[in-house]
Amino acid sequence: MNFKLSKEPIVIQEVIDKVVKRDAGAVTTFIGTVREMTKGKKTLFLIYEAYEPMAIKKLEQIGAEIKERWPEADTAITHRVGKLDITDIAVVIAVSTPHRHDAYEANRYAIERIKEIVPIWKKEHWEDGEKWVGNQLETVPYPSGKPKETDIHD
Amino acid sequence: MIKVLLFAQLRDDLGKESISLEGNSWSVAELKKKMTADYQLASLETVMTAVNEEFADDDTILSDGDIVAFIPPVSGG
Numbered sequence: 040m041n042f043k044l045s046k047e048p049i050v051i052q053e054v055i056d057k058v059v060k061r062d063a064g065a066v067t068t069f070i071g072t073v074r075e076m077t078k079g080k081k082t083l084f085l086i087y088e089a090y091e092p093m094a095i096k097k098l099e100q101i102g103a104e105i106k107e108r109w110p111e112a113d114t115a116i117t118h119r120v121g122k123l124d125i126t127d128i129a130v131v132i133a134v135s136t137p138h139r140h141d142a143y144e145a146n147r148y149a150i151e152r153i154k155e156i157v158p159i160w161k162k163e164h165w166e167d168g169e170k171w172v173g174n175q176l177e178t179v180p181y182p183s184g185k186p187k188e189t190d191i192h193d
Numbered sequence: 543m544i545k546v547l548l549f550a551q552l553r554d555d556l557g558k559e560s561i562s563l564e565g566n567s568w569s570v571a572e573l574k575k576k577m578t579a580d581y582q583l584a585s586l587e588t589v590m591t592a593v594n595e596e597f598a599d600d601d602t603i604l605s606d607g608d609i610v611a612f613i614p615p616v617s618g619g
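Structure below.
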């Protein structure tokens with residue numbers, strides 16, 4: 040169960056433990072958290088919704104893609120669903136490899152792919168309203184291939 | 543029978559999580575057209591489609607028992 044969704048707060052150490060191995064010299068973790076201010080607008084809380092069976096399949100696919108590109112890498116990803124407050128952890132990605140360079144690169148690859156192909160949506164709640172992010176071109180759909188450079192830096 | 547799953551804004555717009563339709567041999571494009579007309583949806587053009595939990599293009603032909611999901615631009619992470 041290296042790839043899962045969680046209705047409960049994510050325990051970072053549990054995700055890391057899944058990729059710890061004797062021939063690893065590096066474990067990188069990415070921890071995505073709920074940001075309060077986006078383009079001057081204050082978020083109160085978020086709701087994450089997922090198409091769960093497909094989301095898990097797509098997380099597994101990302102793990103397989105990483106294995107193809109970095110054969111010695113092991114990956115674990117847990118994404119939260121439900122209501123999250125500011126600073127709560129939305130996603131944890133852990134990647135272990137023999138050397139640090141690959142661990143950083145593969146981890147970056149995982150988060151960019153999550154933003155492309157994993158069916159998870161967030162609804163932002165503000166003081167003056169709410170909106171599903173992604174429905175007003177705040178994100179760009181690109182179901183296959185690599186993310187464009189502009190999307191990577193978003 | 544084809545089951546259509548709805549998420550995010552589409553779920554809010556239609557007020558339901560899924561819709562079942564009698565129909566067969568439609569393409570994904572035809573299903574999108576029918577849904578847009580029947581439910582007065584703004585547009586399904588930027589929405590990706592999954593058939594049985596795998597991304598599918600507009601030419602994919604649907605068969606009885608398929609589960610279709612409309613996937614608005616995703617925003618996880």
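The listed protein sequences correspond, in order, to chains A and B.
If you're matching positions, the first sequence starts at 40 in the numbering used here and goes up one per residue.
If you're matching positions, the second sequence starts at 543 in the numbering used here and goes up one per residue.
Glycine residues also receive a C-beta, built at the ideal position from the N, C-alpha and C atoms.
Taking all protein chains in view, the Cβ of Ile603(B) is surrounded by fewer than 16 other Cβ atoms within 10 Å, so the residue is classified as exposed. Non-local beta-carbon contacts of Ala94(A) in its own chain, meaning distances under 8 Å to residues more than five positions away in sequence, involve Leu44, His118, Val157, Pro158, Ile159 in chain order. Three or more Cβ pairs drawn from the region 59-77 of chain A and the region 132-142 of chain A lie within less than 8 Å of each other, which places the two stretches in contact. Closer than 8 Å to the CB of Ala129(A) there is at least one CB belonging to chain B. When the beta-carbon positions are compared, Val131(A) and Ile86(A) stay at least 8 Å from each other. Here Ser617(B) is buried, its C-beta having at least 16 other C-beta atoms within 10 Å.
Secondary structure note for Leu98(A): its alpha helix (DSSP H) is the uninterrupted segment 91-108. Under the three-state reduction of DSSP output, Ala63(A) falls in the coil class, being neither helix nor strand.
Taking a contact as a CB-CB distance under 8 Å, the pair Ala133(A) and Ala145(A) does not count as one, their CB atoms being some 10 Å apart.
Residues of the region 562-584 of chain B that bring their beta carbon within less than 9 Å of a beta carbon in chain A are absent altogether.
Chain A has no Cβ within less than 8 Å of the Cβ of Glu587(B). Residue Glu572(B) holds the alpha-carbon nearest to the alpha-carbon of Asp601(B) among Leu552(B), Asp555(B), Glu572(B). Taking 8 Å as the CB threshold, Glu559(B) stays off the interface with chain A.
Take Lys96(A), set aside five residues on each side of it, and no residue of its chain has a beta-carbon closer than 8 Å to its own. About 4 Å separates the beta carbons of Trp171(A) and Gln551(B), which is inside the 8 Å limit, making them a contact pair. Beta-bridge analysis with DSSP links Thr82(A) to Trp165(A). Straight-line measurement puts the Cα of Asp141(A) at about 11 Å from the Cα of Lys106(A). DSSP places Thr602(B) in no alpha helix (DSSP H); its state is neither H nor E. In its chain, beyond the 5 residues on either side, no residue has a beta carbon closer than 6 Å to the beta carbon of Pro48(A).
Less than 8 Å divides the Cβ of Asp608(B) from the Cβ of Val593(B).
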